[in-house]
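Undergrad: Counting from 0, one number per residue, gives the positions in the sequence shown under numbering that gives the first Met the number 0.
Handing you this structure, nothing more for now.
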Amino acid sequence: MSDRVSNRDIVRALYTPEDDGYFMCRLCFVRRKQARGTGMSNLVEHVHRAHADSHEEEVRRILKREGTLDVFMKVDEFALLVYHWIDWCVEGNRELSFCEKPKTRKYSNLKPICAKTLKKYMLALEEVVQARIKAQLSGKRIGFLVDAWTEDGTHFVAIIAVTSKVKFLLCFSTLEDEADMGADSIIQLMDDVLDTYGIDAAQLCFMVCDHASVNGAIARKARVPMIGCASHRLNLALKEFLVPHAELLDKLHKLMAKLNTIKNRHRLRELGGLMPVFNNATRWSGTFMMVDRYVERRNIIRSMEQLDEGLVDLLPTPREDAHLTDLYGHLKNFESVNKRLQTEYGLTLADVRLLFDHVLEHYPETSRYLAPDAAVVKYPAFENGIVKVQNKDSRLSRQERAALARLLRPTTAPTVAAPEPSRESFADAALNRGAGRNGTRSDQPPVDLSWIPATSNDVERLFSRAGLVFSSLRRAMAPTTLETILFLNYNRVWWDASAVAEAIERTKRKAANARKRQRSEVL
0 MSDRVSNRDI VRALYTPEDD GYFMCRLCFV RRKQARGTGM SNLVEHVHRA HADSHEEEVR
60 RILKREGTLD VFMKVDEFAL LVYHWIDWCV EGNRELSFCE KPKTRKYSNL KPICAKTLKK
120 YMLALEEVVQ ARIKAQLSGK RIGFLVDAWT EDGTHFVAII AVTSKVKFLL CFSTLEDEAD
180 MGADSIIQLM DDVLDTYGID AAQLCFMVCD HASVNGAIAR KARVPMIGCA SHRLNLALKE
240 FLVPHAELLD KLHKLMAKLN TIKNRHRLRE LGGLMPVFNN ATRWSGTFMM VDRYVERRNI
300 IRSMEQLDEG LVDLLPTPRE DAHLTDLYGH LKNFESVNKR LQTEYGLTLA DVRLLFDHVL
360 EHYPETSRYL APDAAVVKYP AFENGIVKVQ NKDSRLSRQE RAALARLLRP TTAPTVAAPE
420 PSRESFADAA LNRGAGRNGT RSDQPPVDLS WIPATSNDVE RLFSRAGLVF SSLRRAMAPT
480 TLETILFLNY NRVWWDASAV AEAIERTKRK AANARKRQRS EVL
């Protein structure tokens, strides 16, 4: 489209005038002030900054509609009220009964609404968002991030869909038979998700998950290639790496437990020291933080020897202290790799291969889990093929080409580059060396597979968010309600006041149809 959209058309199509010189953006519902007779610069600046990639297409779509500029769902006062309450409860992590509390009604300008009504429209809004996501996923290649989470005796399975441009939370629900957490039950849940969103089985190109045996069984039975989470592989490798140091680390753990008493914590505060840190049974990073706390504060800790005789037998000997210092240097290298794997955007499987090759060069004992042909890699041809394509290497073997059959179609999705760090860490050295090895690393490959995630950390972050919602004060919440809240929170960009208005309209139509059926049954 060569003709540029004028500022006047942008304001007419994308803004709703309000009182006192304010205008509301119809794309994001942000209110901007623009005094009459002062032009449109403030309004246009917001559109160019917040909606640079989509506003021109949206304006032209609206202007094509003859007779009216308002092609959005009409948002009345009640729909806007429901939207504000849902937004407050979902984004602010508030219980649904929050809208009924006397203090809330006293200090809020929003008109009152009951929790039952709020929940009814939240469920209806979930259906509207599902329909919008269904339209976005139609005909596109997708991958699933799959993981499970157990809290307060309830087992949840989360499925996040990944496309070349965006991610969607599709499912955060319990299994139909909670006593059966095997592969068949999870495959049945995945089938339900495919049916709900109209996803053809041929669209599902891969799944990213940890290396649990049940995930391997799911991939094998569903015939979907599995990419093992790189963070989980590193965690397994580090657990094995730390086995020879288990006795010393156990002694350090006991020292931290001794420092965690009330008296010793008070002494640490007086001496300006930080509180003790314990290692985590499931995450090796807890071990790093424990060793880091000791090495950085050992002078303060040793000065407490005269204040508490019980510390004498627990303090490391000079030889053990030197051993911990040496181990700390290695753990810092691993931690830099671990932090890079936590990057939400920009880390590809090719980058992970460079990181792991760099680790293997310095720590060959980690090859059991980090080598490209390690036993934990269930689909080596698939992963190797993706790495080759991302490195612009067209020499694919027959097995690799067959494994990538669903993915080897041109795409125009942009590659998101990782930010340039100011200081080179152990992990940065690996990636920078790989950039030189691959030559023109920043050039666009013939087939862009950079959108394929190397980890399932998005699901882990979702579980952290779920833990905040499903807190000890809200354990009576039904699993379906928790799923609705997390679904609306994660997919926040896909609903607005117009979606709430559509949900209310759907609810009214369903109620009207139900009344008609009842009358017909009576007659």
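Here a beta-carbon is modelled for each residue, glycine too, at the ideal position from N, C-alpha and C.
By Cβ distance below 8 Å, which residues in the same chain neighbour residue 65 in space, the five residues on each side in sequence not counted?
TA: With a pLDDT of 39 at residue 65, under the threshold of 50, the modelled position of this residue cannot be trusted; read the value that follows with caution. If we look at residue 65 and ignore the five residues flanking it on each side, it has no Cβ neighbours.
Undergrad: Check the DSSP bridge columns for residue 154 and list the partner residues they point to.
TA: In the DSSP output, where bridge partners are listed per residue, residue 154 has 149.
Undergrad: In or out: residue 452 buried (at least 16 other Cβ within 10 Å) or exposed?
TA: It counts as buried.
Undergrad: Rounded to the nearest angstrom, what separates residue 455 and residue 209 at their Cα positions?
TA: Roughly 7 Å between the two C-alpha positions.
Undergrad: How would you label residue 330, buried or exposed, when you count the other beta carbons within 10 angstroms and need 16 or more for buried?
TA: It counts as buried.
Undergrad: Within the continuous alpha helix (DSSP H) that includes residue 400, where are the two ends?
TA: First-last of the alpha helix (DSSP H) with residue 400: 397-402.
Undergrad: Taking contact to mean at least 3 C-beta pairs separated by less than 8 Å, is the region 218-234 in contact with the region 372-385?
TA: Yes, the region 218-234 is in contact with the region 372-385.
Undergrad: Between which two residues does the alpha helix (DSSP H) harbouring residue 462 extend?
TA: Its alpha helix (DSSP H) spans residues 456-468.
Undergrad: Using alpha carbons as the reference points, say which of 489, 450 and 113 lies closest to residue 468.
TA: When only C-alpha atoms are compared, the closest one is 489.
Undergrad: What is the residue span of the beta strand (DSSP E) that residue 243 lies within?
TA: Segment: none, residue 243 is in no beta strand (DSSP E) and carries neither H nor E.
Undergrad: In chain order, what residues of the same chain lie with their CB nearer than 7 Å to the CB of residue 355, ignoring the 5 residues before and after it?
TA: Closer than 7 Å at the Cβ level, and outside the excluded window around residue 355, lie 369.
Undergrad: Look up residue 22 in the DSSP assignment and say whether it is helix, strand or coil.
TA: Residue 22: strand per DSSP, three-state reduction.
Undergrad: For residue 448, which of 142, 192 and 15 has the nearest alpha-carbon?
TA: Considering only alpha carbons, the answer is 142.
Undergrad: Helix or strand or just coil, what does DSSP make of residue 228?
TA: Correct three-state label for residue 228: coil.
Undergrad: Mind checking which residues open and close the beta strand (DSSP E) that includes residue 31?
TA: It spans 30-32 - the beta strand (DSSP E) in which residue 31 sits, taken as one unbroken run.
Undergrad: When DSSP labels each residue in this structure, what does residue 452 get in the three-state scheme?
TA: Of the three classes helix, strand and coil, the one that applies to residue 452 here is coil, per DSSP.
Undergrad: Could you give the first and the last residue of the continuous alpha helix (DSSP H) run that contains residue 366?
TA: Residues 366-369.
Undergrad: Between the C-alpha atoms of residue 257 and residue 498, what's the straight-line distance to the nearest angstrom?
TA: Roughly 56 Å between the two C-alpha positions.
Undergrad: Straight-line CA distance for residue 12 to residue 493?
TA: One C-alpha to the other measures close to 20 Å.
Undergrad: When you compare the CB positions of residue 96 and residue 114, do they come within less than 8 Å of one another, or not?
TA: Closer than 8 Å, so yes.
Undergrad: By the three-class DSSP mapping on this structure, what secondary structure does residue 416 have?
TA: Because residue 416 carries a pLDDT of 44, less than 50, the predicted location of this residue cannot be relied on, and the following value inherits that uncertainty. Looking at residue 416 - three-state DSSP - the assignment turns out to be coil, as it is neither helix nor strand.
Undergrad: Who are the Cβ neighbours of residue 17 in its own chain at under 8 Å, not counting the five residues just before and after it?
TA: Excluding residues within five positions, the ones whose Cβ falls inside 8 Å are 23 and 30.
Undergrad: Evaluate residue 196 with the Cβ neighbour count: other Cβ atoms within 10 Å of its Cβ, from every protein chain shown; 16 or more gives buried, anything less gives exposed.
TA: Buried, because 16 or more other Cβ atoms sit within 10 Å of the Cβ of residue 196.
Undergrad: Could you name the residues of the same chain whose beta carbon sits closer than 7 Å to that of residue 294, not counting the 5 residues immediately before and after it, in chain order?
TA: Only 323, 324 and 327 meet the Cβ criterion.
Undergrad: Take residue 21 and list the residues in its own chain whose beta-carbon comes closer than 6 Å to its own, dropping the five residues that flank it on each side.
TA: Cβ neighbours of residue 21 beyond the five flanking positions: 30 and 32.
Undergrad: What first and last residue would you give for the alpha helix (DSSP H) that runs through residue 196?
TA: Counting along the chain, residue 196 falls outside any alpha helix (DSSP H), and DSSP gives it neither H nor E.
Undergrad: Under a Cβ-count criterion, where at least 16 other Cβ atoms within 10 Å of its own Cβ denotes burial, should residue 517 be classed as buried or exposed?
TA: Looking at its Cβ environment, which holds fewer than 16 other Cβ atoms inside 10 Å, residue 517 is exposed.
Undergrad: Measuring straight from C-alpha to C-alpha, what distance separates residue 104 and residue 85?
TA: Near 15 Å, if we compare the C-alpha coordinates of residue 85 and residue 104.
Undergrad: Decide if residue 140 is buried, meaning its Cβ has at least 16 other Cβ atoms within 10 Å, or exposed.
TA: With 16 or more Cβ atoms within 10 Å of its Cβ, residue 140 is classed as buried.
Undergrad: Roughly how many whole angstroms lie between the Cα atoms of residue 156 and residue 266?
TA: Roughly 45 Å between the two C-alpha positions.
Undergrad: Per DSSP, what kind of secondary structure is residue 68 in: helix, strand or coil?
TA: For residue 68, the predicted structure reports a pLDDT of 36, less than 50, and the residue's modelled location is therefore unreliable. A value from the coordinates is still provided. Correct three-state label for residue 68: coil.
Undergrad: Per DSSP, residue 203 is paired with what?
TA: 141, per the DSSP bridge assignment.
Undergrad: State buried or exposed for residue 343, treating a residue as buried only when at least 16 other CB atoms are found within 10 Å of its CB.
TA: Label assigned to residue 343: exposed.
Undergrad: Just curious, the beta strand (DSSP E) that residue 14 is in, first and last residue?
TA: Note, residue 14: beta strand (DSSP E), 14-16.
Undergrad: How close, in whole Å, do the beta carbons of residue 319 and residue 311 come, if the pair is a contact with beta carbons under 8 Å?
TA: About 14 Å separates the two Cβ atoms, so there is no contact after all.
Undergrad: Count the other CB atoms, across all protein chains shown, that sit within 10 Å of the CB of residue 111; report buried if there are 16 or more and exposed otherwise.
TA: Per the 10 Å Cβ criterion, exposed.
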